[in-house]
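Input: a single structure, listed below in C-alpha cells.
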Amino acid sequence: MTIRKFIFFVLVTFGFITPSNAQDRGITVVTGDDYPPITSRDLDDGGLATKVVLRAFKISNIHVNEIKWMPWARGIGLTEANKIDVAFPWGKTKERDPLFYYSDPIYPMINYAYVSTTDLMPLAQKEDLYGKTYCNPNGYGDFGIIKELFDKQLLLRQSPLNMVACFKMLNLGRVDFVVSSKSDAEFAIKESGLNHEAFIRKDLELSRTPLGILVSKKNERGPQIIAAFNKGLKTLKKTGELRRIYDQFHFDDYLD
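Note that this note's numbering gives residue 103 to position 117 of the sequence shown, counting from 1, and the numbers run on in steps of one.
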C-alpha cells in the first residue's frame, strides 16, 4: 500500500472523509399525522405530500432512510437542529428565512375563517377580525391577513395540540374563529364528533401559501437536498405524475 492510499484509508476509516453526495447516505424526513389528504398514516402512501416527497427523491436517486411522524412543532424543531434532514409540508415565513432552505412548492394552502353558525359576526374584510381570538394549532404558521394582524397585536391566538381541539374550542365559544383549509377543517370536524352544520366557512380568503419541504441551513447537504427534490418535483410535473397523485387524493382543484 502506498503512503497516499494509506492516508486515504485512515481518513475514511476515522470519518474525516465522508461521501460527497446525498445519494450515498440517504436522508431522514419528518411530517405530522392527521392532516389528510396531505399527510396521514391512515391514507395510502401516507397522503399526498408524503407520496410526492418520496417520489421526487426517488427520481433524483436519493434514498429516504426513514419517515418520522411526530407533532409539527417537534418535527420542525429537530429539523432546524439538523437532527432530521427534511421537514414537510411547511411554508415560508420571515422567522424561518434565516434558519431553513426552501424547496419549490408541492401545493398551495388556502386558509379561511370558520365560525359557529350561532355567531352573527360579519367577516367580509380584514377589519372585521380586529380584536378577535382565533385558533391555529401549535406548530402551524400564521400567514396572510392573520400574520399581518397578529403582528400588529390586533388578534389573539390560541394554539392547542391539533385542529380537532380548535373546532371543539370554537364550539364551546372559547375562540371567535378557526383558521383552516377546507380539507383540514372537514377532517377535524369529522374527528371531533361535532355536526358539520354547527360551523360556517366564511368567503374571506385569509391566506394562500405555497407549502414544500424545509432543510436546516445547519445541514451541509442542504442545498444539494433541495436541488434534488426540486429536480424530482419538476419531473413529476413534466410527466403528468403529479396530476395523477393529486387525482388519487381528490385534490386536483388546487393544481395549476
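Using N, Cα and C, we set each Cβ at its ideal position, and we do this for glycine too.
Computed from a predicted structure; not experimentally measured.
- Secondary structure note for I175: its alpha helix (DSSP H) is the uninterrupted segment 168 to 178.
- Per DSSP, the unbroken alpha helix (DSSP H) holding I231 starts and ends at 227 to 234.
- By the CB criterion at 8 Å, E183 and T104 fall outside the cutoff.
- Of the residues assessed, M95 falls on the buried side of the cut-off, its CB having 16 or more other CB atoms within 10 angstroms.
- Residue M149 holds the alpha-carbon nearest to the alpha-carbon of S167 among M149, L158, L180.
- When G12, L140, D90, A59 are compared, the shortest CA-CA separation from N124 is found for A59.
- Judged by DSSP secondary structure, I45 falls within the alpha helix (DSSP H) whose first and last residues are 34 to 45.
- A buried status is given to A174, since no fewer than 16 other beta-carbon atoms sit within 10 Å of its beta-carbon.
- Setting aside the 5 residues that flank it on each side, V201 is surrounded in the same chain by D71, V72, F86, Y87, G208, I211, I212, each with a C-beta closer than 7 Å to its C-beta; the list follows chain order.
- In this chain, the alpha helix (DSSP H) harbouring V150 covers 149 to 157.
- With 16 or more other CB atoms across the displayed protein chains lying within 10 angstroms of its CB, K154 is buried.
- In this structure, G63 sits away from L197, with a CB-CB distance that is not shorter than 8 Å.
- Cβ-Cβ distances below 8 Å link L147 to P57, P123, N124 in the same chain, with the five nearest sequence neighbours on each side left out; the list follows chain order.
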